[in-house]
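Everything below concerns the one structure shown next.
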Amino acid sequence: MSETAAICAAPGHRSFDSRFVEVHRCENEQCAHLFAIGVDANHGVMHELGIDGEESIYEERNDRLVAFWEDRQFVTGDSMILDVGAGTGHLTRSLRERLPEINIHCVEESDLLRDQLESEGFAASKNLDSISPDRSFDAVLLIEVIEHVADPVDFLDRLREYLKADGRIFLTTPCGELRNGSRATNAYDTPEHVQFFTEKSLRAAVAKAGFRDIAYEYIDALYPRGTSAGPSATFKRFATRIARPILATFQGSRHLTGFIEP
Ligand SMILES: [Zn+2]
1121 MSETAAICAA
1131 PGHRSFDSRF
1141 VEVHRCENEQ
1151 CAHLFAIGVD
1161 ANHGVMHELG
1171 IDGEESIYEE
1181 RNDRLVAFWE
1191 DRQFVTGDSM
1201 ILDVGAGTGH
1211 LTRSLRERLP
1221 EINIHCVEES
1231 DLLRDQLESE
1241 GFAASKNLDS
1251 ISPDRSFDAV
1261 LLIEVIEHVA
1271 DPVDFLDRLR
1281 EYLKADGRIF
1291 LTTPCGELRN
1301 GSRATNAYDT
1311 PEHVQFFTEK
1321 SLRAAVAKAG
1331 FRDIAYEYID
1341 ALYPRGTSAG
1351 PSATFKRFAT
1361 RIARPILATF
1371 QGSRHLTGFI
1381 EP
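Going by this note's numbering, the sequence shown opens with residue 1121, and the numbers climb by one from there.
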């Protein structure tokens, strides 16, 4: 059994048991990383993704996210994109719909989902090892992936080798512990999560992997707006859109999101 790797050299101690795993916390308060203990190296691999279930929930959000990336010049019409953990491909499809000339290479562990991606005309590899080392990409998508990875520093370091000199990684992960100590996030809701990042531990992991930094951002486009109608739903959407960024300013965000620059 090989354990998940911590981020810095400081020891961790048992902190609490989540619904699915025993969680240890790094004793270095400048890191405070939380991680699963006693799980095997493949614990983070997802096995039960439905092929169609996610599409309708994410379609509208994906369109806004792609528009946000274009606005930030993270993707352009002829970008080379590496989508790590492409899953059912809902985001990959949204990218191609909006930017038909875009070049997307997917990494997806599941044979079933990889076959599906390939049948839709996307290049797909099982893991980083099966991508030719002379490939390089303008943009790497790492959306809800790093919390599944046994050794995040090694993983980020390997991704760096696939980035062009001015390429960037867009990363999202549920926050394991907010600035105020709260763990009321969805980090612990999924059995396959093995890393629970704090703002500090993700920044430390990024630096240790040889990147300059991660620029954290609150990205409204990431959150589905919901489709319910009526005045109360409108108010709820409005309140949520205003409240989320304000809360994020004080507590830190329940979701860590941002661009990593080489
Ligand atoms: Zn640490």
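All C-beta atoms, glycine included, are put in the ideal place defined by N, C-alpha and C.
Which of the three DSSP states, helix, strand or coil, is assigned to E1217? What you label residue 1217 is simply residue 97 of the sequence shown in a count that begins at 1. Residue state, collapsed to three classes: helix.
What did DSSP end up calling H1210 once you bin it into helix, strand or coil? The count along the sequence shown starts at 1 and reaches residue 1210 at position 90. DSSP places H1210 in the helix class (H, G or I) of the three-state scheme.
Looking at ligand 1, does it come within less than 6 Å of C1151, judged from the CB to the closest heavy atom? Taking the sequence shown and counting its residues from 1, the one referred to as residue 1151 is at position 31. Yes, since a heavy atom of ligand 1 falls inside the 6 Å radius drawn around the Cβ of C1151.
Where E1297 and Q1150 are concerned, what is the direct C-alpha to C-alpha distance, given to the nearest angstrom? Position 177 of the sequence shown, counted from the first residue, corresponds to residue 1297. Position 30 of the sequence shown, counted from the first residue, corresponds to residue 1150. Looking at the two C-alpha atoms, the distance is approximately 13 Å.
Beta-carbon proximity of L1219 to C1226, cut-off 7 Å: The residue labelled residue 1219 in the question sits at position 99 within the sequence shown. The residue labelled residue 1226 in the question sits at position 106 within the sequence shown. No, the pair does not count as a contact, with Cβ atoms beyond the cut-off.
Identified DSSP bridge partners for H1144: Indexing the sequence shown from 1 puts residue 1144 at position 24. In the DSSP output, where bridge partners are listed per residue, H1144 has R1134 and F1155.
Give every residue of the same chain whose Cβ lies closer than 6 Å to the Cβ of P1253, excluding the five residues on either side of it in the sequence, and list them in chain order. Working through the sequence shown from its first residue, we reach residue 1253 at position 133. Once the five neighbours on either side are set aside, P1253 has no close Cβ partner at all.
Please report the straight-line C-alpha distance between G1287 and F1257, rounded to a whole angstrom. For the purposes of this step, residue 1287 is taken as the residue at position 167 of the sequence shown. For the purposes of this step, residue 1257 is taken as the residue at position 137 of the sequence shown. Cα-Cα distance, rounded: 7 Å.
Across which residues does DSSP place V1204 in a beta bridge pair? On the sequence shown, residue 1204 is found 84 positions in, with the first residue counted as 1. DSSP output for V1204 lists V1227 as bridge partner(s).
Nearest neighbour of S1373, chosen from A1341, E1337 and P1382 [CA to CA]: Taking the first residue of the sequence shown as 1, we reach residue 1373 at position 253. The option with the nearest alpha carbon to S1373 is E1337.
Could you compute how far the alpha carbon of G1209 sits from the alpha carbon of L1276? On the sequence shown, position 89 is the one that residue 1209 refers to. On the sequence shown, position 156 is the one that residue 1276 refers to. Rounded to whole angstroms, G1209 to L1276 spans 22 Å at the Cα level.
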